[in-house]
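Read the structure below first, then the notes.
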Amino acid sequence: MRMSIGRVIYLLICTLIFVFLMAPIIVIIPLSFNAEPYFTFTEGMLRLDPEAWSLRWYREIMTNDVWIKSLVNSIVIGVSATILATALGTLAALGLANSAIPARRTIMGLIISPMVTPVIIAAAGMFFFYSDLGLGQTHVSIILAHTVLGVPFVVVTVTATLAAYDFTLNRAAANLGAGPWTTFRRVQFPLIAPGVFSGALFAFAISFDEVVVILFMGGVEQRTVPRQMWAGIREQISPAILAVATLLIVFAILLLLTVGWLQRRGESSQ
Amino acid sequence: MAGPLRLPGNPDVRVRLRALSLVAPLVIFVGVTFVAPLGTMLMRSVYDPVVADALPKTLALLSDWDANELPSEAIFATLAEEIKHASSERTIGRVAGRINRVQGGFRGLVTRTERELRTTGQGTWREIMISVDSLWADAATWHAIKVTGERYTARHYWNALDMQILSDGSIARQPEERRIYLRLFLRTLMVSGLITLLCLLLGYPVAHFIADSPPRQGNLLLILVLIPFWTSLLVRTTSWIVLLQNQGVLNDLFVALGLIGEDGRLSMIYNMTGTIIAMTHVLLPFMVLPLYSVMRGIPATHMNAAASLGATPLQAFLRVYWPQSLPGVGAGALLVFILAIGYYITPALVGGSDGQLISNMIAYHMQTSLNWGLAAALGGVLLVGVLILYMVYERLIGIDRIGLR
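Chains as they are written, first to last, in our numbering: chain V, 1 to 270; chain F, 1001 to 1405.
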């Protein structure tokens, strides 16, 4: 097949942009196996000398109490915020899917606003707010903050799923004698579950990657993985952060594949 | 709510109430944990009781003071009394710090005066205090006390807009060397605009390429956009440091290829260049995803029809494809711009000294200078800007369609 010059240039440009998107993520992975404390490829690494490659940074993070504690914090905060955000967000999406709801656009605008408000402003406000309540530097305040930052993603995802949901199924269930709760539990929820779980994963990803709120409101006891990475980047302590980064990339890919899988399931079940 | 109020028990009202009761928990939650904190922050930008609480009597007397004359002995005596009191209450430091922001040198002045007041000397309070420092004879000092003594004040907003309140109460621009914030707002807008443009230039061909591919291949290519989207922001920022820094991968590569000499390494990070490159990378998926979802809906037959009617590829693109892709362009550009003007993390980590944006200044006043009133006012100005853009987005595109899938 002959290709025009224009087509060749177009393909070349697109390839370069894909490289721009992926290169920064790919480059970090081999560097995390660097035997030397450098952020760049050593000559030995380029010669594929086995001596130049090592797992020392992985060993370091796995045995370092600070990293382990920050992982535990990230999980505790992330899971709590995800449960809250998913519960509140799914309920709200169900209400918003009802065409009878008044002031729908205003309510939606309010609920989505944490997604577009600069986090620095929200974090500054929350810092004052929770300090005044005596909740500064606690897990509670950070969980609440992460919940409100993650909830828009749950609402958007579940709303999109509900848009494809056939509400006559609810009436059918009611005709067959099911109450509202039974209808939800046995009919509606199983069908929208993929959307709810995608929303939950979004909310978890938001919390798991959040650092501004932690910087403003968290104390030493609330140090999370991103907070620890922030310190590492600022102080250039060690390439251990490259090992953490690699693990986070693997984690992101797993999340992405799961959400993709859930979405395909959601589409096929409806 | 439109229409006449219906009686309870009416099924329509019941349905509405049920829908509302599902939404209510989240609305209340967002109200308490998000809107209320923003409210307390905005409150701080206009309400500052520290000086007013510490020096109430002095301020009451100063309200009748004629700014052209030295304050009366009564005012001096009252202030001396109240400084002594604040000193014993240990609030004097905060008070002096507040006034110091309007009138540099005030903190030192208070410290010296406080020390002198403890060893009561001879003469009137006026003589004693002026003998400590002639600044007490300067109307500007008293004006600073008066201005900061206003409980409700717009001065933080004037300050955020590079203006100041002069001793005669009029508003004027700050002296040249103190005008920083307007320039920073302007820089933030321009950098955000540039990043939006770069994202559009990079995102458009890629979104088109994915939308144009057969579904299987398209889905695989979409993953190349989604992996960066799901990858931690800190990881991506770290990667750019690794790639761009002086001893980093790209510079090493350029040197190895002989493109630049060992001493000619490029500074691509810890400056504005670093901020722009890293932020474009971080925000690019927010451009590609809405573009892609619009482009997927443009039938390929349209371009074929244009070609068979004799349009050149460029004409067909400009007259047929581009207009249909505009909703995606609008959605992506607005979203990227909104996210860019409030960005904090990336500029903070890779921006060096000249790559900082307005959010970084807010963080500086929150954490370092502790001028919370000013931080809140800068945040208030930024918030208004973002809300306007958000409402434009809502009008033009609709929030439900904020495309992330």
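We put the beta carbon where it would ideally sit given N, CA and C, even for glycine.
Check, Outcome
"Against chain V, does Gly1342 of chain F count as a neighbour if the rule is that its beta carbon must be under 8 Å from one of theirs?", "yes"
"Which value, in whole angstroms, describes the spacing of the CA atoms of Leu110 of chain V and Tyr1390 of chain F?", "11 Å"
"If we ignore side chains and look at the alpha-carbon of each, how far apart do Val76 of chain V and Leu149 of chain V end up?", "16 Å"
"How would you label Asn1246 of chain F, buried or exposed, when you count the other beta carbons within 10 angstroms and need 16 or more for buried?", "exposed"
"What did DSSP end up calling Asn34 of chain V once you bin it into helix, strand or coil?", "strand"
"Could you check if Pro37 of chain V is buried or exposed, using at least 16 other CB atoms within 10 Å of its CB as the buried criterion?", "exposed"
"Under 8 Å, Cβ to Cβ, is there at least one residue of chain F near Met108 of chain V?", "yes"
"Consult DSSP for Trp53 of chain V and reduce its assignment to one of helix, strand or coil.", "strand"
"Who are the Cβ neighbours of Thr1153 of chain F in its own chain at under 7 Å, not counting the five residues just before and after it?", "Val1046, Asp1048"
"Among V:Ala124, V:Leu256, V:Glu235, which has the Cα closest to the Cα of Ala1377 of chain F?", "V:Ala124"
"Residues in the segment 1223-1243 of chain F with C-beta within 9 Å of chain V's C-beta atoms, listed in sequence order?", "Ile1223, Leu1224, Val1225, Leu1226, Ile1227, Pro1228, Phe1229, Trp1230, Thr1231, Ser1232, Leu1233, Leu1234, Val1235, Arg1236, Thr1237, Thr1238, Ser1239, Trp1240, Ile1241, Val1242, Leu1243"
"So what does Met1163 of chain F bridge to, in DSSP terms?", "F:Arg1173"
"In chain order, what residues of the same chain have a beta carbon less than 8 Å from the beta carbon of Gly1330 of chain F, not counting five sequence neighbours either side?", "Leu1396, Ile1397"
"Pick out the complete beta strand (DSSP E) segments inside the segment 1080-1111 of chain F, 3 residues or longer, and give them in chain order.", "none"
"What are the residues of the segment 33-66 of chain V that lie near chain F, defined by any Cβ-Cβ distance shorter than 7 Å?", "Phe39, Thr40, Phe41"
"Can you tell me which of the three DSSP states Ala1002 of chain F falls into?", "Unreliable positioning characterises Ala1002 of chain F in this predicted model, as indicated by a pLDDT of 47, which lies under 50. The coordinate reading is nonetheless provided below. In this structure, Ala1002 of chain F counts as coil in the three-state DSSP scheme."
"Using beta-carbon positions only, say whether Arg1101 of chain F and Asn1360 of chain F come within less than 8 Å of one another.", "no"
"Of the residues V:Ala97, V:Thr106, V:Met126, V:Arg171, which one's Cα is nearest the Cα of Ala160 of chain V?", "V:Ala97"
"According to the neighbour-count rule (16 or more other Cβ atoms, all chains shown, within 10 Å of its Cβ), is Ala1144 of chain F buried or exposed?", "buried"
"Report the residue from F:Ile1388, F:Met1268, F:Arg1178, F:Pro1313 whose alpha carbon sits nearest the alpha carbon of Ser4 of chain V.", "F:Pro1313"
"Do Tyr101 of chain V and Arg1014 of chain F have their C-beta atoms within less than 8 Å of each other?", "Here residue 101 of chain V turns out to be Ile, not Tyr, going by the sequence shown. Cβ distance not < 8 Å, so Ile101 of chain V and Arg1014 of chain F don't count as in contact."
"Alpha helix (DSSP H) containing Asn175 of chain V: first to last residue?", "168-175"
"List the residues of chain V that Asp1012 of chain F touches, going by C-beta distances under 8 Å, in chain order.", "Ala100"
"If you measure from the beta carbon of Ser1407 of chain F to each beta carbon in chain V, is any gap under 8 Å?", "No information on residue 1407 of chain F is available, as it lies outside the stretch 1001 to 1405 that chain F covers here."
"Can you pull out the residues from the segment 1182-1200 of chain F whose beta carbon lies closer than 8 Å to at least one beta carbon of chain V?", "none"
"Ignore the nearest five residues each way along the sequence and tell me which others in Asp1133 of chain F's own chain have a CB closer than 8 Å to its CB.", "Leu1109, Arg1112, Thr1113"
"Are the CB atoms of Leu1234 of chain F and Pro226 of chain V nearer to each other than 8 Å?", "yes"
"Just the Cα atoms here: how many angstroms apart are Gly1332 of chain F and Asn34 of chain V?", "38 Å"
"Going by DSSP, name the residue or residues bridged to Tyr1152 of chain F.", "F:Tyr1047"
"Between Met3 of chain V and chain F, is any beta-carbon pair separated by less than 8 Å?", "no"
"Beta carbon of Cys1199 of chain F, beta carbon of Val1336 of chain F: below 8 Å?", "yes"
"Could you tell me which whole alpha helix (DSSP H) segments of length 4 or greater appear in the segment 49-125 of chain V?", "56-63, 65-96, 104-116"
"Give the residues of chain F in contact with Leu88 of chain V, contact being defined as C-beta atoms less than 7 Å apart.", "Pro1025, Leu1026, Phe1029"
"Could you name the residues of the segment 1031-1046 of chain F whose beta carbon sits closer than 7 Å to any beta carbon of chain V, in the order they occur along the chain?", "Thr1033, Phe1034, Ala1036, Pro1037, Leu1038, Thr1040, Met1041, Arg1044"
"Cα separation between Phe1254 of chain F and Leu1243 of chain F?", "12 Å"
"At the 8 Å Cβ level, is Pro194 of chain V part of the contact set with chain F, yes or no?", "no"
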